[in-house]
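*Asks:* Reading the sequence shown from the start, the letters are residues 11 to 463 in the numbering used here. Built from N, CA and C at the ideal position, the CB exists for glycine as well. The structure displayed is predicted, hence computed values, not measured ones. First the structure, then my questions, so here it is.
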Amino acid sequence: MKRLYIATFGCQMNEYDSIRIEELLSDNYKKVFEPKDADLIILNTCAIREKAEHKVYSLLGRFKHLKKKNPSLILAVGGCVAQQRGEEFFERFPYLDIVFGPHAIFKLPELIKTLEINRKHLCINNLEPHFVIPRARGQLWGIDSVRAYVTVMQGCDNFCTYCIVPYVRGREASRPPGDIIDEVRLLVASGIKEITLLGQNVNSYGKKEQGFPSFAQLLKEVSKIKGLKRLRFTTSHPKDLSPDLIECFSQIDNLCPHIHLPVQAGSNKVLRAMNRHYTREKYLELVSDLRSVCPDISLTTDLIVGFPGETQEDFEQTLSLLEEVKFDQIFAFKYSPRPGTKAAKMSNQVPELEKKKRLAKVLELQDKIGLQRLSRFVGKNIKVLVDGVSKSNPKQLCGRSPGNHVVNFVGTKDLIGKEIDIYIEHACQHSLKGRILDKKGTGGEFIQEVVNG
Ligand code: SAH
Ligand code: SF4
Ligand code: F3S
């Protein structure tokens with residue numbers, strides 16, 4: 011067996027793709043965790059912000075010496091930067107062997123073979139969307155055995171003015187529902203307990219294809235698969251969040267009470283300039299609808315500070331929106347101009363220092379709100395799906411609440427993959443601490459009682 015090192019950047023879509031890559035190569039390659047041990051290095055890249063792109067270049071620079079030491083090493087770049095830059099890569103990194111876009115993953119075994127015969131670099135970044143059919147889980151290495159992603163659609167037609175995704179992932183394309191159901195069945199049969207359906211904008215699922223179900227209908231179908239304990243989905247665009255999908259939160263038992271609903275900004279002027287197609291008021295209405303259907307729903311969001319033309323007043327509207335909604339968690343970013351996007355050409359760019367300040371402000375406010383939100387669980391029992399051993403403390407296990415909050419507690423490895431009741435003792439900044447509930451339900455003793463295995 012040869013050895014594969016793969017590094018993944020960016021969103022869950024890329025994580026999903028990396029697993030497909032591992033599967034496709036699994037007949038000839040086993041996974042290693044150090045680049046220096048590898049015969050094949052793959053970087054699955056992300057172009058969403060400048061920083062993500064630069065990470066790729068600096069890693070490639072560092073791999074030059076590995077290539078010198080071992081000329082038969084194959085160096086490949088995939089993902090969104092590969093799609094965006096294509097052949098340009100070879101000018102800057104002549105020792106690079108393969109550049110392949112996200113739609114060319116299925117070609118990878120063939121590309122590697124060709125390269126082995128004729129050491130001439132290869133680039134494919136001109137293909138239409140292509141869904142790779144997954145293999146049974148048993149053939150994977152070191153993969154999370156509790157939770158898995160399933161892509162339901164690719165690409166994006168929204169063209170938010172700051173965003174590079176439509177340029178690197180192409181137009182929206184949905185997978186046939188039968189393929190999705192088959193994949194979820196396969197995963198559940200191999201022991202997966204929780205599935206997250208993935209897409210850049212899952213609410214547009216099936217809209218372009220004839221005879222496809224709506225996303226709400228698809229969700230209902232998937233939820234019925236026997237043995238599936240938890241179902242999630244991401245991401246939803248607020249402009250397409252349908253009443254039907256909102257209703258799903260009260261209709262589907264195993265659908266987790268959590269929605270990631272990127273708001274991006276609190277000012278209508280900025281939302282318009284971003285081409286988001288909703289207003290602050292519309293967004294707040296959606297939040298209120300979600301909370302009336304599912305009162306304890308956990309809400310998370312993405313937002314951008316320092317979008318071109320964002321004034322101090324506009325920015326303050328983002329702060330006040332955070333106060334108003336009280337998200338469980340936010341992912342906040344400084345606006346980063348991306349080549350080819352409309353916003354990158356706007357003349358009213360916000361200075362870097364100002365963006366930095368605004369980001370710090372947003373994060374400081376959210377730290378307070380997030381802690382407040384987490385505190386609502388203290389003294390209560392919650393059902394936790396146990397993921398594995400905690401990264402920070404090997405004596406602890408970690409898992410997720412239905413609302414997707416991280417929960418740490420002391421326990422033994424046999425609990426991994428089980429859903430157990432945890433009594434929450436403490437809210438930390440970004441996680442909860444608890445203990446396994448004893449038989450009396452008081453949380454008094456460390457008795458490991460599996461409530462719902
Ligand atoms: N499809 C998802 C988001 C994909 S990108 C959606 O539409 O909600 C994830 C997040 O990265 C976005 O929500 C946005 O907040 C952020 N982002 C995208 N482009 C960016 C840019 N140029 N600068 C800073 N943040 C950006
Ligand atoms: Fe980017 Fe907007 Fe599409 Fe999300 S909806 S991927 S932010 S263009
Ligand atoms: Fe990044 Fe591509 Fe995802 S740009 S966020 S990896 S779709």
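1. Compute the Euclidean distance between the alpha carbons of ARG490 and LYS234, then round it to the nearest angstrom.
2. Can you tell me which of GLU126, LYS79, GLU60, HIS131 puts its alpha carbon nearest to the alpha carbon of VAL87?
3. Taking the CB atoms as reference points, tell me whether GLY409 and SER330 lie closer together than 8 Å.
4. With contact counted as at least three CB pairs below 8 Å, one residue from each stretch, are the stretch 344-354 and the stretch 315-323 in contact?
5. Please classify GLY152 as buried or exposed, where buried requires at least 16 neighbouring CB atoms within 10 angstroms.
6. Please classify GLN149 as buried or exposed, where buried requires at least 16 neighbouring CB atoms within 10 angstroms.
7. Answer yes or no: the CB of CYS56 versus the heavy atoms of the ligand F3S, is any distance below 7 Å?
8. Can you tell which of GLN376, LYS279, ILE84 has the C-alpha that lies nearest to the C-alpha of LEU125?
9. Quick check: what's the CA-CA separation for ILE52 versus LEU14?
10. Contact check, ASP250 vs ALA226 under 8 Å by CB: the rounded distance?
11. For the pair the stretch 409-421 and the stretch 374-382, tell me if three or more CB-CB distances fall below 8 Å.
12. Go ahead and pull the three-state DSSP assignment for ARG445.
13. For the stretch 107-124 against the stretch 32-47, do three or more pairs of beta-carbon atoms, one drawn from each stretch, fall closer than 8 Å, so that the two count as touching?
14. Can you tell me whether DSSP reads ARG181 as helix, strand or coil?
15. Report the rounded CA-to-CA distance for LYS218 versus ASP424, giving the unit in angstroms.
16. Taking only the alpha-carbon atoms, compute the straight-line gap between ASN168 and GLU204 and give it to the nearest angstrom.
17. Taking DSSP as the reference, what is the three-state secondary structure of LEU281?
18. If contacts are defined as beta-carbon pairs under 8 Å, then GLN94 and ILE174 qualify, I think. What distance do you get, rounded to the angstrom?
19. By the three-class DSSP mapping on this structure, what secondary structure does SER200 have?
20. Apart from the five residues on each side of it in sequence, which residues of its chain come closer than 6 Å, Cβ to Cβ, to CYS266?
21. Can you tell me the Cα-Cα spacing of ASP324 and ILE108, whole angstroms?
22. Near the ligand SF4, which residues have their beta-carbon less than 6 Å from any of its heavy atoms, given in chain order?
23. Check each candidate in LEU442, GLY188, PHE337, VAL273 and name the one with the smallest Cα separation from LYS390.
24. Where does ARG195 sit, in a helix, a strand or coil, going by DSSP?
25. Along the chain, where does the beta strand (DSSP E) that runs through CYS258 open and close?
26. From the DSSP output, read off the bridge partner residues of GLN164.
27. May I have the straight-line CA-CA distance separating GLY444 from MET356, to the nearest angstrom?
28. Thinking just about the alpha-carbon of each residue, which of SER246, LEU207, ARG282, VAL212 is nearest to the one in TYR172?
29. To the nearest angstrom, how far is the alpha carbon of LEU300 from that of ALA437?
30. Which of the three DSSP states, helix, strand or coil, is assigned to ILE153?
31. Could you name each continuous alpha helix (DSSP H) segment of 4 residues or more that falls completely within the stretch 321-401, going from the start of the chain to the end?
32. Would you say GLU326 and LEU294 are within 8 Å of each other, going by their C-beta atoms?
33. If GLY9 and CYS90 are in contact, beta carbons under 8 Å, what's the gap, nearest whole angstrom?
34. Please work out which residues of its chain come closer than 7 Å, Cβ to Cβ, to GLY111, disregarding the five sequence neighbours upstream and downstream, and give them in chain order.
35. Per DSSP, what kind of secondary structure is PHE99 in: helix, strand or coil?
*Replies:* Answer, in terms of the structure:
1. In this structure the chain extends from 11 to 463, so residue 490 is not present and cannot be described.
2. Here residue 87 refers to the residue found at position 77 when the sequence shown is read from its first residue. Checked all of GLU126, LYS79, GLU60, HIS131; the closest Cα to VAL87 is HIS131.
3. Taking the first residue of the sequence shown as 1, we reach residue 409 at position 399. Taking the first residue of the sequence shown as 1, we reach residue 330 at position 320. It is not a contact, given that the beta carbons lie outside the stated cut-off.
4. The stretch 315-323 and the stretch 344-354 touch, with three or more beta-carbon pairs separated by less than 8 Å.
5. In the sequence shown, residue 152 corresponds to position 142, counting from 1. Summary for GLY152: the model assigns pLDDT 36, below 50, so the residue's position carries little reliability, and this model does not support an answer.
6. Taking the first residue of the sequence shown as 1, we reach residue 149 at position 139. The predicted model places GLN149 with a pLDDT of 43, which falls under 50 and marks its position as unreliable; any figure quoted below should be read in that light. GLN149 sits exposed, since fewer than 16 C-beta atoms from the chains shown fall within 10 Å of its C-beta.
7. On the sequence shown, position 46 is the one that residue 56 refers to. Placement of the Cβ of CYS56 at a distance of less than 7 Å from at least one heavy atom of the ligand F3S is found.
8. As a first step, residue 125 must be located in the sequence shown, where it is residue number 115. The alpha carbon of LEU125 has as its nearest neighbour, out of GLN376, LYS279, ILE84, the alpha carbon of ILE84.
9. The residue labelled residue 52 in the question sits at position 42 within the sequence shown. The residue labelled residue 14 in the question sits at position 4 within the sequence shown. So the alpha carbons of these two residues sit roughly 8 Å apart.
10. By 1-based counting over the sequence shown, the position of residue 250 is 240. By 1-based counting over the sequence shown, the position of residue 226 is 216. In this structure, ASP250 and ALA226 do not form a Cβ contact; the two beta carbons are roughly 11 Å apart against a cut-off of 8 Å.
11. Verdict: no, contact absent.
12. In the sequence shown, the residue the question calls residue 445 occupies position 435. In this structure, DSSP gives ARG445 an extended state, which the three-state scheme calls strand.
13. They touch, by the three-pair rule.
14. As a position in the sequence shown, residue 181 is number 171, starting the count at 1. DSSP places ARG181 in coil when its eight states are reduced to three.
15. By one-based count along the sequence shown, residue 218 stands at place 208. By one-based count along the sequence shown, residue 424 stands at place 414. The straight-line gap from Cα to Cα measures roughly 45 Å.
16. Within the sequence shown, residue 168 is the residue found at index 158, counting from 1. Within the sequence shown, residue 204 is the residue found at index 194, counting from 1. Computed Cα separation, rounded: 29 Å.
17. The residue you call residue 281 lines up with position 271 of the sequence shown. Helix at LEU281.
18. In the sequence shown, residue 94 corresponds to position 84, counting from 1. In the sequence shown, residue 174 corresponds to position 164, counting from 1. About 7 Å separates the Cβ atoms of GLN94 and ILE174, confirming a contact at the 8 Å cut-off.
19. One-based indexing of the sequence shown puts residue 200 at position 190. It is coil, neither helix nor strand.
20. Here residue 266 is taken as the residue at index 256 of the sequence shown, counted from 1. A distance below 6 Å between beta-carbons, with the five flanking residues on each side excluded, links CYS266 to the following residues of its chain, in chain order: ARG240, ARG242, PRO412.
21. Position 314 of the sequence shown, counted from the start, is the residue given in the question as residue 324. Position 98 of the sequence shown, counted from the start, is the residue given in the question as residue 108. ASP324 and ILE108 have their alpha carbons spaced roughly 44 Å apart.
22. Every residue whose Cβ sits closer than 6 Å to any heavy atom of the ligand SF4 is listed here in chain order: CYS166, ASN168, PHE169, CYS170, CYS173, VAL175, PRO176, GLN210, ASN211, HIS247.
23. As a first step, residue 390 is located in the sequence shown; it is residue number 380 there, counting from the start. Nearest option by C-alpha distance: LEU442.
24. For the purposes of this step, residue 195 is taken as residue 185 along the sequence shown, with counting starting at 1. If DSSP states are grouped into helix, strand and coil, ARG195 belongs with the helices.
25. On the sequence shown, position 248 is the one that residue 258 refers to. Per DSSP, CYS258 lies in no beta strand (DSSP E); the unbroken alpha helix (DSSP H) holding it starts and ends at 253-261.
26. Position 154 of the sequence shown, counting from 1, holds the residue named residue 164. Beta bridge pairing from DSSP links GLN164 with ALA183.
27. What you label residue 444 is simply residue 434 of the sequence shown in a count that begins at 1. What you label residue 356 is simply residue 346 of the sequence shown in a count that begins at 1. Near 49 Å, if we compare the C-alpha coordinates of MET356 and GLY444.
28. Numbered from its first residue, the sequence shown carries residue 172 at position 162. Here the closest residue by C-alpha is ARG282.
29. Taking the sequence shown and counting its residues from 1, one reaches residue 300 at position 290. Taking the sequence shown and counting its residues from 1, one reaches residue 437 at position 427. For LEU300 and ALA437, the distance between alpha carbons rounds to 24 Å.
30. Residue 153 sits at position 143 when you count from the first residue of the sequence shown. Residue confidence is low: ILE153 scores 40 on pLDDT, short of 50, so the model does not pin down where it sits. No coordinate-derived value is stated.
31. Entirely contained in the stretch 321-401, the alpha helix (DSSP H) runs reaching 4 residues are, in chain order, 322-335, 362-385.
32. Stepping through the sequence shown from its first residue, residue 326 is reached at position 316. Stepping through the sequence shown from its first residue, residue 294 is reached at position 284. Taking 8 Å as the cut-off, the Cβ atoms of GLU326 and LEU294 do not count as close.
33. Since the displayed the chain opens at 11 and closes at 463, residue 9 lies outside it and no answer follows.
34. Taking the first residue of the sequence shown as position 1, residue 111 is located at position 101. Correct list, in chain order: ALA92, GLN93, ILE134, ASN135, LEU137.
35. Residue numbering aside, residue 99 sits at position 89 when the sequence shown is read from its first letter. Three-state result, PHE99: helix.
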